[in-house]
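Below: the structure, in structure tokens.
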Amino acid sequence: MTVTTQPEIVQAERPQIAPAVAKIALIGNPNSGKTSLFNQLTGLNQKVGNFPGVTVDKKTGYSQLTSSFRAQIIDLPGTYSLYPKSLDERVITDLLYDPNSSLFPDLVVVTADASNLKRNLLLFTQLADLKLPVVLALNMVDVAEQEGVKIDVPALQRELGVPVIPMNARKGVGVAALKIVMMQELQATKAPFFQIPADLKPMLQQVKDRFQLSSDYLALQYAHQYRHLKGFSVQDMAWMDKLLEDTEFRSVTQQANETVARYARINDILLDVVRVERVNKSEKFSNRLDQILTHKIFGYLIFFTILFLIFQAIFAWASYPMDLIDEGVAGLNGLIQDNFDGPLVDLLTEGVIAGLGGVLVFVPQIAILFAFIAILEETGYMARVTFMMDKIMRKFGLNGKSVVPLISGVACAVPAIMSARTIENWKDRMITIFVTPLMSCSARIPVYAVLIALVVPEKYYFGFLNLQGIVLMALYLMGFLAAIFSALLLKTVLKARERSYFIMEFPVYKWPRWKNVGITIVEKVKAFLFEAGKIIVAISIILWVLASYGPGDNFEEARELALAEAQAKNLNEVQTENKIASYQLESSYAGIVGRTIEPVIRPLGYDWKIGIALLTSFAAREVFVGTISTIYSIGEEENVSTIKNKLLSETDANGDPFFTPARGFSLMVFYLFAMQCISTLAIVRRETNSWTWPLAQLLYMSSLAYVMAFITYHVFS
Amino acid sequence: MQKKVSEQKSQKSVRDLKLGESGVICCLQDPEMGLKLLEMGCIPGTEVKLNSRAPLGDPITIIVNDYTLSLRLDEAETILLKQ
Numbered sequence: 000m001t002v003t004t005q006p007e008i009v010q011a012e013r014p015q016i017a018p019a020v021a022k023i024a025l026i027g028n029p030n031s032g033k034t035s036l037f038n039q040l041t042g043l044n045q046k047v048g049n050f051p052g053v054t055v056d057k058k059t060g061y062s063q064l065t066s067s068f069r070a071q072i073i074d075l076p077g078t079y080s081l082y083p084k085s086l087d088e089r090v091i092t093d094l095l096y097d098p099n100s101s102l103f104p105d106l107v108v109v110t111a112d113a114s115n116l117k118r119n120l121l122l123f124t125q126l127a128d129l130k131l132p133v134v135l136a137l138n139m140v141d142v143a144e145q146e147g148v149k150i151d152v153p154a155l156q157r158e159l160g161v162p163v164i165p166m167n168a169r170k171g172v173g174v175a176a177l178k179i180v181m182m183q184e185l186q187a188t189k190a191p192f193f194q195i196p197a198d199l200k201p202m203l204q205q206v207k208d209r210f211q212l213s214s215d216y217l218a219l220q221y222a223h224q225y226r227h228l229k230g231f232s233v234q235d236m237a238w239m240d241k242l243l244e245d246t247e248f249r250s251v252t253q254q255a256n257e258t259v260a261r262y263a264r265i266n267d268i269l270l271d272v273v274r275v276e277r278v279n280k281s282e283k284f285s286n287r288l289d290q291i292l293t294h295k296i297f298g299y300l301i302f303f304t305i306l307f308l309i310f311q312a313i314f315a316w317a318s319y320p321m322d323l324i325d326e327g328v329a330g331l332n333g334l335i336q337d338n339f340d341g342p343l344v345d346l347l348t349e350g351v352i353a354g355l356g357g358v359l360v361f362v363p364q365i366a367i368l369f370a371f372i373a374i375l376e377e378t379g380y381m382a383r384v385t386f387m388m389d390k391i392m393r394k395f396g397l398n399g400k401s402v403v404p405l406i407s408g409v410a411c412a413v414p415a416i417m418s419a420r421t422i423e424n425w426k427d428r429m430i431t432i433f434v435t436p437l438m439s440c441s442a443r444i445p446v447y448a449v450l451i452a453l454v455v456p457e458k459y460y461f462g463f464l465n466l467q468g469i470v471l472m473a474l475y476l477m478g479f480l481a482a483i484f485s486a487l488l489l490k491t492v493l494k495a496r497e498r499s500y501f502i503m504e505f506p507v508y509k510w511p512r513w514k515n516v517g518i519t520i521v522e523k524v525k526a527f528l529f530e531a532g533k534i535i536v537a538i539s540i541i542l543w544v545l546a547s548y549g550p551g552d553n554f555e556e557a558r559e560l561a562l563a564e565a566q567a568k569n570l571n572e573v574q575t576e577n578k579i580a581s582y583q584l585e586s587s588y589a590g591i592v593g594r595t596i597e598p599v600i601r602p603l604g605y606d607w608k609i610g611i612a613l614l615t616s617f618a619a620r621e622v623f624v625g626t627i628s629t630i631y632s633i634g635e636e637e638n639v640s641t642i643k644n645k646l647l648s649e650t651d652a653n654g655d656p657f658f659t660p661a662r663g664f665s666l667m668v669f670y671l672f673a674m675q676c677i678s679t680l681a682i683v684r685r686e687t688n689s690w691t692w693p694l695a696q697l698l699y700m701s702s703l704a705y706v707m708a709f710i711t712y713h714v715f716s
Numbered sequence: 000m001q002k003k004v005s006e007q008k009s010q011k012s013v014r015d016l017k018l019g020e021s022g023v024i025c026c027l028q029d030p031e032m033g034l035k036l037l038e039m040g041c042i043p044g045t046e047v048k049l050n051s052r053a054p055l056g057d058p059i060t061i062i063v064n065d066y067t068l069s070l071r072l073d074e075a076e077t078i079l080l081k082q
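First to last, the sequence lines map onto chains Y and C.
Residues in the first sequence are numbered consecutively from 0, following numbering that gives the first Met the number 0.
Residues in the second sequence are numbered consecutively from 0, following numbering that gives the first Met the number 0.
Dropping the structure here:
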């Protein structure tokens, strides 16, 4: 489809001074292809989902409109109207009602789903009435035509009085035309879509005068939303309170009348513009698919099969690349140690390379997990999960929408907690944020992987059920149960501030865009490598230093003590060396810290070495692996063996294996429940805007971890 | 629960629709939730059809203005239908 029509009004008047960089805001309903368009315009790598509200934060990027003209594009959260019902929708009003905002747009591009034009135009007419320059990006025109919805674009353009660009944002069709239109400095439309009732006009005039507003509709928006607007002083608030009381302004009634009037106007407009010729009366493909995928029995069966598949895949498929990485790191270290000597070589091999290997080895698992999550979101299946789970989730004080943060929490609590913004209800959202870190995140995978390999035999049942995989799934299940029962507890403690809704669009199934899946995997792996990885490597090195040096003459004294003891016991050379190393570690800085906290963690079956690992894990849970491998490799002659073999050969005072199943399971349970993540605490602080929530979480989860690990240790030993 | 049913008996709501059955919206009972429903296109005079129920009976999906909308039963109950 080509666009040759240019609206007449474009040529009318041009503003004298063009801004340095034009700012263009993208606004649209959820699922209207807004994020896809953003990607097309900016080329930024960003996730495109199919679930309502996947865009939570406003994102910005630059687009080269012509060779000499660059525009800043702002991607705003999906919304159905300018009356926000949730936090992320409020981002939009905060931006649009504050002309002094650094991101206040020069132009608004409204994306609309052509197959669902009526509802999409509601938001458009509100934006146009704000007197903002608007362009309508009519998306998914091809899909609409397949469904028999024919849109007369020139007629629509005439009726709306703004440029209308038919396009397919997923494929990039129409983007060039849109860029050309955006280049024009556009004028606001003249006639409003919604005629504000005459009796409101005197009141609105007062609002306009006081706040120096240009449009009546913006003044009306102020009257509706002044309690939530940014930069409103107490005096402004009191002034508005009085004005609205004096003029007997009824916000709810006025809003309802406005929406009904807008729909009536849109119906009028679309009467001549849209022709619906249903090709066939048979049910939509999506609906037929839903009869199976949300079936009473098959629906849950399929959902749990998918979950089970994911966990088996993480363990079974990931093991091949993981073994390769393991062998590579071990081989490299061996090579370096055979050919070079000195303290810096030890730092490189035992500190840096060992730490890097500990990070790299978990990339395959993270990649596989995020491939699954991305596909579920891309296809629209995630919305069905919400639909099927809502009734159950509600019983626990959660929301059907809580399933997305909870499932995403399996990957990482940080983005998951951010995605909880789509939950409109304050209480539901707080509960979801509070319990999400109890879901086993990917940072726990390394910890689980090492511990499971250590204490669970690699056994198969019926030829394909891997025992290690079953234990892993049990851990995830325990995390989920802890999350929902904690939610139940909170449900009774917290008081509701607003009502909880489930009213949302049920998206049609779409084939996943593999590019988006790929981008998601790359982004998550990168985030893990460069954000978590940094901390892991840095802490590995610090720990190696801490464990290799001690205060004063401690190291020399430890050596002499060990030598004396070895002579008395008549030990051979290797055993003597081990004794020295172990005594030296005990007298190192690390040993001192570890032993200080040992009395506290002894009831859980842990010694001072694990104590060190527990402490360093507060930076990031996966640091556990680096810490453990550094600490134990120091006390040994062999550096080449894998973490597992090192730990297996570790013995207690009686010469028995130290890592008994009781200790292994106790540790797994501790990591399952404990809040050991500074990033999560920081994001909870941001999302709840208080320190109360993260501190409550830290206290609650740590206590839970301690108690559960204590029980586990004593049950298994 | 029982009390609620007897109260609502007087007028049929979207909650009472059978699978595949249609009705015409008469009014929205809950003013605050009504705002959200209006924005989603549930305008009085519009036809709605019960499209599906979740496996546990709640929430449901309805077809309104040619698209699928999901909502809970107690939300559907506030959408009253013309006789």
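Cβ atoms here follow ideal geometry from the backbone N, Cα and C, with glycine treated the same way.
Bear in mind that the values here come from a model prediction, so they are computed numbers and not experimental data.
Cβ of residue i less than 7 Å from any chain C Cβ?
{"i": "Asp655(Y)", "result": "no"}
{"i": "Thr258(Y)", "result": "yes"}
{"i": "Gln254(Y)", "result": "yes"}
{"i": "Phe284(Y)", "result": "no"}
{"i": "Ile268(Y)", "result": "no"}
{"i": "Arg684(Y)", "result": "no"}
{"i": "Gly77(Y)", "result": "no"}
{"i": "Lys117(Y)", "result": "yes"}
Quick check on residue i: buried or exposed, where buried means 16 or more other Cβ atoms within 10 Å of its Cβ?
{"i": "Gln194(Y)", "result": "exposed"}
{"i": "Tyr319(Y)", "result": "exposed"}
{"i": "Thr60(C)", "result": "buried"}
{"i": "Leu270(Y)", "result": "exposed"}
{"i": "Gln10(C)", "result": "exposed"}
{"i": "Met700(Y)", "result": "buried"}
Taking 7 Å as the cut-off, decide whether the C-beta atoms of residue i and residue j are in contact.
{"i": "Pro58(C)", "j": "Arg71(C)", "result": "yes"}
{"i": "Pro509(Y)", "j": "Gly379(Y)", "result": "It should be pointed out that residue 509(Y) corresponds to Lys in this sequence rather than to Pro. Yes, the Cβ-Cβ distance between Lys509(Y) and Gly379(Y) is below 7 Å."}
{"i": "Leu40(Y)", "j": "Ile73(Y)", "result": "no"}
{"i": "Ile268(Y)", "j": "Glu158(Y)", "result": "yes"}
{"i": "Val90(Y)", "j": "Pro104(Y)", "result": "no"}
{"i": "Thr435(Y)", "j": "Gly396(Y)", "result": "no"}
{"i": "Ala329(Y)", "j": "Lys426(Y)", "result": "no"}
{"i": "Glu247(Y)", "j": "Ile432(Y)", "result": "no"}
{"i": "Gly610(Y)", "j": "Glu597(Y)", "result": "yes"}
{"i": "Phe505(Y)", "j": "Thr67(C)", "result": "yes"}
{"i": "Leu474(Y)", "j": "Ser441(Y)", "result": "no"}
{"i": "Ala111(Y)", "j": "Ser62(Y)", "result": "no"}
{"i": "Ala370(Y)", "j": "Ile520(Y)", "result": "yes"}
{"i": "Phe709(Y)", "j": "Pro602(Y)", "result": "yes"}
{"i": "Val624(Y)", "j": "Pro445(Y)", "result": "yes"}
Give a yes or no on whether 7 Å exceeds the smallest Cβ distance from residue i to chain Y.
{"i": "Ala53(C)", "result": "yes"}
{"i": "Ser107(C)", "result": "Because chain C spans 0 through 82 in this model, residue 107(C) falls outside it and cannot be assessed."}
{"i": "Gly40(C)", "result": "yes"}
{"i": "Glu74(C)", "result": "yes"}
{"i": "Ser12(C)", "result": "no"}
{"i": "Lys35(C)", "result": "yes"}
Which partner residues of residue i appear in the DSSP bridge assignment?
{"i": "Tyr459(Y)", "result": "Asn465(Y)"}
{"i": "Asn138(Y)", "result": "Asp112(Y), Met166(Y)"}
{"i": "Lys22(Y)", "result": "Gln71(Y)"}
{"i": "Leu68(C)", "result": "Glu504(Y), Ile61(C)"}
{"i": "Lys48(C)", "result": "Ser21(C), Ile62(C)"}
{"i": "Gln63(Y)", "result": "Arg69(Y)"}
{"i": "Cys26(C)", "result": "Leu79(C)"}
{"i": "Gly27(Y)", "result": "Thr110(Y)"}
{"i": "Val402(Y)", "result": "Paired residue(s): none; Val402(Y) is not in a bridge."}
{"i": "Ser12(C)", "result": "Leu79(C)"}
> Are three or more beta carbon pairs between the region 110-126 of chain Y and the region 76-84 of chain Y nearer than 8 Å?
Replying inline: yes
> Can you find at least 3 beta carbon pairs, one from the region 133-145 of chain Y and one from the region 162-182 of chain Y, that sit closer than 8 Å?
Replying inline: yes
> Is there contact here, the region 654-667 of chain Y with the region 388-406 of chain Y, by at least three beta-carbon pairs under 8 Å?
Replying inline: no
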